[in-house]
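According to our numbering, the sequence shown is numbered sequentially starting from 3.
All residues carry an ideal CB built from backbone N, CA and C; glycine is no exception.
A short worksheet on the structure shown next.
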Amino acid sequence: MENKVNIYVVVPAYNEENTISDVITNLKNNNYKNIIVIDDGSTDSTYKIAKENKTIVIKHPINLGAGAAVKTGTDYALSIGADIIIIFDADGQHMAKDINNLIKPIINKEVDVTLGSRFLDKKSNVPLLKKIILKGGVVLVFLMYGILLTDAHNGLKALSRKAAERIIINARGWEYCSEIIEEIKIKKIKYKEIPVTIKYSSYSIKKGQKIYNSLNIFLKMIKKWLIE
């Protein structure tokens, strides 16, 4: 059934020359060949490597942030006829084999958005400090939007075309993940969390959100919520 659906994978990437080739290969080996890499103002060889791997590559002239990159990729995917859009990180943490479970509920018309969760099973082996920060985000999202998730800031997610057309992303940074949840709440979009595995490596941990950055994301979320 999936072969009848136009599935596009949006990969926001910033200075990911060490992993982008493996990420693209992983996706292609799992039969996801419609890949859109958004090079978000990288200063390394991310753009060149992504082009060499025969993907669609869109380059931001400067670094705008993960949210801006996802918006660029999502808008482009919609413009070329995507039925389902997968958002997939470029640092090697995500596993392409999880996509099949993400898209099934959308293909079956059960929901319009699926959100990956590393806490619905025990395969991810989340570092303790990371787990505490992420669970803090879960509490904050619940208090702000009334949606209780197990993993509020997982970059792996899938959107139906209808959902992607309705969800408005204004946030430039990683707080876009919470913005999507807010849009789901406001627009009453059907969603479901799906277990996914996050692979932690010394590289991905180093590239991941630091405590300061996480706090900054939370502060931006609260500021936006108070203003609205």
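{"Asked": "If we require 4 or more residues per run, which alpha helix (DSSP H) segments fall completely within the stretch 158 to 184?", "Found": "163 to 168"}
{"Asked": "Which first and last residues belong to the alpha helix (DSSP H) in which residue 106 is found?", "Found": "101 to 109"}
{"Asked": "For residue 134, does the three-state DSSP call read helix, strand or coil?", "Found": "helix"}
{"Asked": "Can you tell which of 54, 97, 72 and 46 has the C-alpha that lies nearest to the C-alpha of residue 33?", "Found": "97"}
{"Asked": "By how many angstroms is the C-alpha of residue 175 removed from the C-alpha of residue 64?", "Found": "13 Å"}
{"Asked": "Give me whichever residues DSSP pairs with residue 96 in a beta bridge.", "Found": "Answer is none; residue 96 lacks a bridge partner."}
{"Asked": "Is residue 156 buried or exposed, if buried means 16 or more other CB atoms sit within 10 Å of its CB?", "Found": "buried"}
{"Asked": "Opposite residue 26 in the DSSP bridges: which residues?", "Found": "In the DSSP output, where bridge partners are listed per residue, residue 26 has none listed."}
{"Asked": "Would you call the stretch 160 to 167 in contact with the stretch 115 to 123, where contact means no fewer than 3 C-beta pairs closer than 8 Å?", "Found": "yes"}
{"Asked": "Going by DSSP, what residues sit across from residue 191 in a beta bridge?", "Found": "None; residue 191 has no bridge partner."}
{"Asked": "Considering only the alpha carbon of each residue, which of 41, 106 and 46 lies closest to residue 6?", "Found": "106"}
{"Asked": "Could you give the residue range of the alpha helix (DSSP H) that holds residue 2?", "Found": "There is simply no residue 2 to check, as the chain begins at 3 and stops at 230 in what is shown."}
{"Asked": "Just curious, the alpha helix (DSSP H) that residue 34 is in, first and last residue?", "Found": "It is not in any alpha helix (DSSP H) - residue 34 carries neither H nor E in the DSSP assignment."}
{"Asked": "Measuring alpha carbon to alpha carbon, tell me which of 198, 154 and 137 ends up nearest residue 182.", "Found": "154"}
{"Asked": "For residue 127, I'd like the list of residues in its chain whose CB is within less than 8 Å of its CB, leaving aside the five on either flank, ordered along the chain.", "Found": "202"}
{"Asked": "With a threshold of 8 Å on Cβ separation, who are the neighbours of residue 62 within its own chain once the five nearest residues in sequence on each side are excluded?", "Found": "40, 41, 42, 43, 70, 71 and 74"}
{"Asked": "Drop a sphere of 10 angstroms on the beta-carbon of residue 27, count the other beta-carbons inside from all chains shown, and report buried for 16 or more, exposed for fewer.", "Found": "exposed"}
{"Asked": "Indicate whether at least one CB of chain D lies closer than 8 Å to the CB of residue 18.", "Found": "Although the question refers to chain D, the structure presented lacks it and comprises just one protein chain."}
{"Asked": "Cα separation between residue 14 and residue 76?", "Found": "10 Å"}
{"Asked": "So is residue 170 buried or exposed if we call it buried at 16+ other beta carbons inside 10 Å?", "Found": "exposed"}
{"Asked": "Could you check where the alpha helix (DSSP H) with residue 53 kicks off and where it finishes?", "Found": "48 to 54"}
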